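What follows is one structure encoded as structure tokens, with my remarks underneath.
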Amino acid sequence: MINPVQIAMRMAGFESEGDTETFLVDYAAAQQQTPIDWSGLDQTNLVQSGDGVNAPGQAAAIGQGKPAVQVVPETVSSVETVTVNVQGQQSVVDVQAAHAQRAEQAQATDGGSAFYAEYTEAGANSLVNDLFVQYATADVQQQVRNPRVDLKPGAMVVYAEANLEIGWQEVALILIFNETGTQFQIAGIDIAGQRFNNPPAGFLTDLMQTVETQGNQALQNAQIVTPNGPLNIQQIYIAENMLQIVAH
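Residue numbers for the sequence shown follow my numbering, beginning at 362 and rising by one.
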């Protein structure tokens, strides 16, 4: 049975490009990503990015399952609070209040600091809701409500209720991430399991462009503030029920 929103999408000029789940499975198979091995480091298994450790703030070429920075294993320790700078707003965040399952810091071998955070899908959803309430503009909150995420390997599907011409309807943006997970592109809109793309001009097109532009800017500019200086996000790994973040 065709969803009425799917009919509306086709009438509005969107192109149906098949089953969303099949697209995401194929994308994950092409990426072949593995979880970041942060806790398994030891003196004989120090991991390194690319041909050398990148300076803080620089993107890294990362081996499968390897953190984007080289750290001194015995310096890894849990943290209860972390100072973050998001969109120019700096605040001290309680790790439990931020819904992280793990949050750890370590000394990098270049003398700088490194930070690691890990989320379950439930924790990621709680964080997304908090960030939406705190940072989404009034205009966006009038058009979108109740966001949630479905984590997929190398991707995520961001669901929300959107204020369309036919009323409030649940739609979802399909986000696929680059190799390091630090930038993404929107690969279409999911409606009842079907992927629609190549949208015509209108609210949904504007929403897709806004989310992609502002989301990537936030990922690029977000920082962990430490006594040794700010740390930028170097690597994000996404699986079915896990999201890992490394900053340096």
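C-beta: ideal position from N, C-alpha, C; glycine also.
Owing to the predicted nature of the structure, the values given are computational and were not obtained by experimental measurement.
Ranked by Cα distance from Gln575, the options Gln546, Ile599, Pro560, Gly554 are led by Gln546. Looking at the backbone, the Cα of Arg509 and that of Val453 are separated by about 24 Å. Collapsing the DSSP output to three states places Val494 in a helix.
For Asp567, the enclosing alpha helix (DSSP H) has its first and last residue at 564-582.
Under DSSP, the beta-bridge partners assigned to Trp529 are Asn524. Its Cα nearest to that of Asn486, the residue Asp511 stands out among Thr470, Asp567, Asp511, Asp551. Bridge pairing for Glu376: Asn558 [DSSP]. Rounded to whole angstroms, the Cβ separation of Gln451 and Val607 is 21 Å, and the two are not in contact under 8 Å. Annotation for Val607: the continuous beta strand (DSSP E) segment containing it runs 603-608. Excluding residues up to 5 positions away in sequence, Gln596, Ile597, Tyr598, Ile599 lie with their Cβ nearer than 7 Å to the Cβ of Gly542 in the same chain. Closest in alpha carbon position to Gln581, among Gln544, Phe384, Val437, is Gln544.
Of all C-beta pairs linking the stretch 438-445 to the stretch 458-466, three or more are shorter than 8 Å, placing the two stretches in contact.
When only Cα atoms are considered, Ala579 and Glu435 end up about 32 Å apart.
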